[in-house]
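Note that the sequence shown covers residues 3 to 253 in the working numbering. Beta carbons: idealized from backbone N, C-alpha and C, even for Gly.
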Amino acid sequence: LVDLDHARPATIATMRAHGHDPCVVLQTSPAHLQAWIRLSTSPLEPLVASAAGKLLAAAYGGDPASTDWRHLGRLAGFTNQKPARRTSGGHAPWVKVVSAQTGVAPQAEALLQSARAMASPPPALTFHTTATFPDSGPATITASVAAELYQACMARWHIRQRFPQPDWSIVDCWVARHLLRRRWPPAQVLEILRLASPQFPRRHGDPDDYLRRTVARAAFPFPPRPVCADHASASIRLDPPSTCSNSTGGR
Numbered sequence: 003l004v005d006l007d008h009a010r011p012a013t014i015a016t017m018r019a020h021g022h023d024p025c026v027v028l029q030t031s032p033a034h035l036q037a038w039i040r041l042s043t044s045p046l047e048p049l050v051a052s053a054a055g056k057l058l059a060a061a062y063g064g065d066p067a068s069t070d071w072r073h074l075g076r077l078a079g080f081t082n083q084k085p086a087r088r089t090s091g092g093h094a095p096w097v098k099v100v101s102a103q104t105g106v107a108p109q110a111e112a113l114l115q116s117a118r119a120m121a122s123p124p125p126a127l128t129f130h131t132t133a134t135f136p137d138s139g140p141a142t143i144t145a146s147v148a149a150e151l152y153q154a155c156m157a158r159w160h161i162r163q164r165f166p167q168p169d170w171s172i173v174d175c176w177v178a179r180h181l182l183r184r185r186w187p188p189a190q191v192l193e194i195l196r197l198a199s200p201q202f203p204r205r206h207g208d209p210d211d212y213l214r215r216t217v218a219r220a221a222f223p224f225p226p227r228p229v230c231a232d233h234a235s236a237s238i239r240l241d242p243p244s245t246c247s248n249s250t251g252g253r
């Protein structure tokens with residue numbers, strides 16, 4: 003279930019384009035949707051189901067508080083009794099079916115691979131600059147999921163709006179730290195940066211070494227530095243709040 007408050011008109015089309023076709027889309031009130039994506043014909047482990055919900059919510063702007071495998075959606079044909087959703091006339095809106103289809107989402111298995119890795123116990127974060135992350139779990143993740151996660155971070159932190167010419171090595175570090183704090187295995191974080199960092203590998207002489215050092219440094223606090231020269235004196239607070247860079251190439 004993906005709970006889409008204030009859903010954009012193109013959100014469902016984007017989900018379909020990425021192979022995460024909803025089997026049912028409900029309108030729970032004007033501009034509020036719930037999308038159900040079928041990922042398996044058999045029951046999923048609770049941790050895997052919750053992890054898949056988190057991935058989908060992060061990718062498509064869903065409510066992160068509604069991703070637990072036990073979360074219940076609304077039923078079409080009934081009214082939404084939430085006070086905040088009442089019409090100007092004081093009436094509770096009807097829950098309506100927007101679309102329905104049968105079948106498992108085309109990219110369900112790829113998403114489940116990422117969800118299983120996310121749900122697995124994280125390894126100890128003991129890094130050094132030559133780390134190869136041999137015990138970090140499988141790094142399998144699709145390019146579309148990686149891009150959605152990276153873009154979700156950029157949107158959350160308003161990177162494009164705040165920084166006309168971002169230092170992508172700093173943004174990479176922010177994204178890596180954000181994912182590590184949410185228990186993503188280091189090998190998957192590295193792969194997300196490889197697949198989704200803008201114009202990667204840019205001008206890095208050794209892209210693999212750059213990625214290893216970025217993930218390693220993301221695990222530890224570093225003194226902040228501006229994300230671009232035009233904002234060197236700006237006072238901003240982002241999540242994650244500290245920056246780091248190990249860029250050996252250009253911006």
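Cβ-based burial, residue i [other Cβ within 10 Å; buried from 16]
| i | result |
| --- | --- |
| Arg158 | exposed |
| Pro108 | exposed |
| Gly105 | exposed |
| Gly255 | Absent from the model: residue 255. The displayed extent of the chain is 3 to 253, so no value can be given. |
| Pro188 | buried |
| Leu77 | exposed |
| Arg10 | exposed |
| Thr69 | buried |
| Pro24 | buried |
| Asp210 | exposed |
Proximity below 8 Å, CB of residue i to CB of residue j
| i | j | result |
| --- | --- | --- |
| Gln36 | Gly75 | yes |
| Leu191 | Leu182 | In the sequence as displayed, the identity of residue 191 is Val instead of Leu. Contact flag set, yes. |
| Thr262 | Val97 | Nothing can be reported for residue 262: it is not among the residues displayed for the chain, which extend from 3 to 253. |
| Val26 | Leu114 | no |
| Gly64 | Leu151 | no |
| Met17 | Tyr62 | yes |
| Trp170 | Arg204 | yes |
| Ile143 | Glu193 | yes |
Residue i, enclosing beta strand (DSSP E) - first and last residue
| i | result |
| --- | --- |
| Asp5 | Val4 to Leu6 |
| Val26 | Val26 to Ser31 |
| Leu35 | His34 to Trp38 |
Same chain, Cβ closer than 6 Å to residue i, five either side skipped, listed in chain order
| i | result |
| --- | --- |
| Ala33 | His8 |
| Pro48 | Trp71 |
Close Cβ partners of residue i (< 7 Å) along its chain, the five nearest in sequence each way excluded
| i | result |
| --- | --- |
| His73 | Leu3 |
Residue span of the alpha helix (DSSP H) that contains residue i, given as start and end
| i | result |
| --- | --- |
| Ala107 | Where Ala107 is concerned, there is no enclosing alpha helix (DSSP H), given that its DSSP letter is neither H nor E. |
| Arg18 | Thr13 to Ala19 |
Own chain, CB closer than 8 Å to residue i, minus 5 neighbours either side, in chain order
| i | result |
| --- | --- |
| Ala60 | Pro66, Glu150, Leu151 and Ala154 |
* To do: Mind listing, in chain order, the continuous beta strand (DSSP E) runs of no fewer than 3 residues lying wholly within the stretch 44-104?
  => Whole beta strand (DSSP E) segments, 3+ residues: 98-102.
* Asked: What are the uninterrupted segments assigned as alpha helix (DSSP H) that are 4 or more residues long and contained completely in the stretch 154-211, given in chain order?
  -> Those alpha helix (DSSP H) runs which fall completely within the stretch 154-211 and span 4+ residues are 161-164, 170-183 and 188-198.
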